[in-house]
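Novice: Dropping a structure here in structure tokens format, bear with me for questions.
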Amino acid sequence: MIAPTEALVAGSFYTFAAIALAGAIGVVLARKVFHSALFLVLTLASLAATFVILGADFLGAVQIVIYVGAITVLILFGIMLTPRNVELPESSGVGRSTAGVFVAAAVFIVSTTVIVTSQWPRSMSTPIPDRPTTEAIGQGLFTTYALPFEMASILLLIAMIGAIVIAREEQ
Amino acid sequence: MNFNLVLLMPEIALTSAAGLAILVDAFSPRGLSRRFLLWIAGGGIAISAALALRLLGTNTSAFNGAIAVDDYAVFFKLLFLAATLLVLLAADTFMEETRHRAEFVGLLLLATTGLMLLAAAMDLITLYISIEISSLSIAFLSAWDKRGLRSTEAGLKYFLLSAMSSAVLLYGMALLYGLTGHTRLDLIATQIGQGPNAALFLALAMLLAGFGFKVSAVPFQMWTPDVYEGAPLPITAFLSVASKAAGFAATVRVLQIALPTSQTDWTVLVAALAAATMTVGNIVALVQTNMKRMLAYSSIAQAGYVLVGVAAASQLGVSAVMFYLLAYTATNLAAFIACIAIFNLTDSEQIGDLRGLRWRSPWLAFALAVSLLSLAGLPPFVGFFAKLYVFWAAADRGLLWLVLVGVVNSAVSLYYYAQVIHDMYITGIGGGEPGVGDPVTTLGPRRPSPGLSTALTLAVIGVLVFGVLSGFFFGIGDVAARTVAR
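Dropping the structure here:
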């Protein structure tokens, strides 16, 4: 009985991981920044699915509401409201893209090597608890993590005040 | 649950002062005057400092180990509060000319709150959020002068690069969490096994990169000259002392508590960063012609000397770092505040335009000379003793090559610091004695405002007193260092 479930979990994980990767490559390769933003939606949504597969149901829902919903809309608005006729210096030099590929490859090789060769304390076969996580997260926010939670509200306050001052048109 | 709010009172007081300044300003018909805002902020700082002093010797942790309330944290909190007070006083000319004064004061106080929490953070989550609180507010404050393109550029650069470095820092934290299953620094230490572990090394490198941005260590220093040059000068002063000191406070705490050298040997890595930071900072500073950029590279070099003390990885090293940061805060504030007053006077940021300053403004020339000599590390100023202690701590751990690099660097730095003093004292305008018809002497002198003069006087007194009583102040740091290092 367990084997088919495991196969299903593994299958859906690899499917969504592949979609996320394809979306990420699309973000980088798309010619128009608008298309990049749409590819980003694909990646973010597949990551939400991955979270759910890993048993983080609340995180998956939040990922959809905030990243797929709000942040993408914000990015699209930003693109649409930015004037088109701004002269930008040509940034697609060969040297620059070579450097980008080199750095990306280096990060990939180093992190893969490290993840494969390191000793991790928990084995991959630890079963994922099959129950909703929302209650535990709520409990945590008001007990163990009460201080970081309050600090995050100061951070948001700073973001709001600063954004208003910076974006405001002076007469 | 330990929800003892008394332990958090210094931060609560400062946040309340920030909120008060912004809200009262918003609801008063013509906005608050500069003087009234200064009273609110100064009152908040004084109350916060008094509350922090009461916590001396508490040495406990609060909110389930999210923050530490130890003497180490209190030492840094008092340092940041003092620095913020001087920056506010020095900012009074800037505040006269800028709009949104209440928000400026409010964000500065909130940034200080973030730095205070950063120095006390005992948990990776708290640490990360406090870094974001301080970085975000500093990014806004750097862009405050909206008429100037350079200020906007400074804010944007700082924002983008701090977001980038936060990403690296978070990656390192995630690896650390994955390895140990804990976010609390003390619990992480209990779970890290003996022996080399590639993931642990990568996590360490990423954490150092994230902190390296905050303290502008080479090779994460690229933003420093541009942001220092573009941001309003009071903010540059704040960035160069308080923000840097908080970055070091957090670095030392994380390295000492979560990653003790008995398990992970990071000495060589930090020593290499220190050597690179000192050398690059000093060599590039040699060729600067703009005073702000020169001080930016000088502050990079100073970060290198602090890293020498961090690399020592001992209680002596931590005490030396604390004393160095105390000395550096007073000295660099004196240098920047003197620059604010001088730039107001001459309308120029070029080092060459400081020529003959002693005839026009002997007091400003004296203040700048004292702070530059202290930065260079000459006795009897505090900078000398600060360098002595960090080099001693490194030599004590057998890092003689690093001490040698540091001493050679100090000699090199003397050249560009002394060049400025030479310009101010020996050279007249145009190379000779100053005449009546000189272009700069005929400029209408904008005398330093009372706030600026007070701030400069206090900072110079700090440089002199900390130097004369260096043993006493080192002793204070030494006692406080015991709470994080063994």
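As they're listed, the protein sequences go chains A and B.
Yeah, the first sequence ends on 171 if you go by my numbering, and it's all consecutive.
Yeah, the second sequence ends on 486 if you go by my numbering, and it's all consecutive.
C-beta atoms are modelled at their ideal positions from N, C-alpha and C, and glycine is treated no differently.
Because the structure is a prediction, the values reported are computed rather than measured.
(1) Between the stretch 96 to 105 of chain B and the stretch 33 to 46 of chain B, do at least 3 Cβ pairs fall closer than 8 Å?
(2) Listing by chain order, which chain B residues have their CB less than 8 Å from the CB of S118(A)?
(3) Please report the straight-line C-alpha distance between T442(B) and L357(B), rounded to a whole angstrom.
(4) Would you mind sorting Q302(B) into buried or exposed? The rule is 16 or more other CB atoms within 10 Å of its CB.
(5) Could you give the DSSP three-state label for R99(B): helix, strand or coil?
(6) In three-state DSSP terms, what is Q302(B)?
(7) Residues of the stretch 142 to 155 of chain A with a CB closer than 8 Å to any CB of chain B: list them in chain order, please.
(8) What in chain A is Cβ-close to I129(B), meaning under 7 Å?
(9) Go ahead and pull the three-state DSSP assignment for A143(B).
(10) I45(B): buried (16+ other C-beta within 10 angstroms of its C-beta) or exposed?
(11) Report the option in A386(B), T279(B), S453(B) and R293(B) whose CA atom is closest to the CA atom of A327(B).
(12) Hey, would you say V287(B) sits closer than 8 Å to V306(B), going by beta carbons?
(13) Please work out which residues of its chain come closer than 7 Å, Cβ to Cβ, to G444(B), disregarding the five sequence neighbours upstream and downstream, and give them in chain order.
(14) Leaving out five residues on either side along the sequence, give the residues of the same chain with a beta carbon under 6 Å from the beta carbon of D319(B).
(15) Residues in the stretch 18 to 38 of chain B with C-beta within 8 Å of chain A's C-beta atoms, listed in sequence order?
(16) Secondary structure at V24(B), three-state DSSP: helix, strand or coil?
(17) Which value, in whole angstroms, describes the spacing of the CA atoms of M1(A) and A7(A)?
(18) Which of the three DSSP states is assigned to S61(B) in this structure?
(19) With a threshold of 8 Å between beta-carbons, can G162(A) be considered close to chain B, or not?
(20) Looking only at its chain, what residues have a beta carbon closer than 6 Å to the beta carbon of V465(B), apart from the 5 residues adjacent to it on each side?
(21) When the Cα of F336(B) is compared with those of W266(B), L316(B), T236(B) and T267(B), which residue comes out closest?
(22) Whole angstroms is fine: what's the gap from Y158(B)'s alpha carbon to P234(B)'s?
(23) Identify the residues that DSSP records as bridge partners of N290(B): which are they?
(24) Pair every Cβ in the stretch 205 to 218 of chain B with every Cβ in the stretch 76 to 90 of chain B, then say whether three or more of these pairs are closer than 8 Å.
(25) Which residue from I19(A), F58(A) and L59(A) puts its Cα closest to that of V41(A)?
(26) With distances taken from CA atoms, which of N344(B), K292(B), S165(B) and G230(B) is nearest F220(B)?
(27) For chain A, find out if any of its Cβ atoms is closer than 8 Å to the Cβ of H100(B); answer yes or no.
(28) Run down chain B in chain order and give the residues with a C-beta less than 7 Å from the C-beta of A159(A).
(29) Report the neighbours of P121(A) on chain B: residues whose CB is nearer than 8 Å to its CB, in chain order.
(30) If you measure from the beta carbon of E132(B) to each beta carbon in chain A, is any gap under 8 Å?
(31) Is the beta carbon of P232(B) less than 8 Å from the beta carbon of S151(B)?
(32) When the cut-off is 8 Å and only beta carbons count, does E135(A) lie next to chain B?
(33) List the endpoints of the continuous beta strand (DSSP E) containing V68(A).
(34) Would you kindly report the start and end of the unbroken beta strand (DSSP E) that includes A68(B)?
(35) Classify P448(B) as buried or exposed, calling it buried when 16 or more other Cβ atoms lie within 10 Å of its own Cβ.
Specialist: To lay it out plainly:
(1) yes
(2) L179, N197, A198, A199 and L200
(3) Only weak support exists for where T442(B) lies, its pLDDT of 42 falling under 50; the coordinates are left without a value.
(4) buried
(5) coil
(6) helix
(7) T143, T144, Y145, A146, L147, P148, M151, A152, I154 and L155
(8) P148, M151, A152 and L155
(9) coil
(10) buried
(11) A386(B)
(12) no
(13) Low per-residue confidence applies at G444(B): pLDDT is 49, beneath 50, and the placement is therefore not dependable, though the value from the model is reported in the following sentence. Here the set comprises nothing.
(14) Per the sequence shown, the amino acid found at residue 319(B) is Ser instead of Asp. Closer than 6 Å at Cβ, skipping near neighbours: G477, D478 and A481.
(15) I22
(16) helix
(17) Residue placement at M1(A) is poorly supported in this model, since its pLDDT is 47, which falls under 50; the coordinates still yield a value, given next. Between M1(A) and A7(A), the C-alpha separation is close to 11 Å.
(18) strand
(19) yes
(20) none
(21) T236(B)
(22) 16 Å
(23) Q350(B)
(24) no
(25) I19(A)
(26) S165(B)
(27) yes
(28) L136
(29) L179, T180, G181 and Q191
(30) yes
(31) yes
(32) no
(33) Looking at the DSSP string, V68(A) is not in any beta strand (DSSP E), and its letter there is neither H nor E.
(34) I67 to V69
(35) buried
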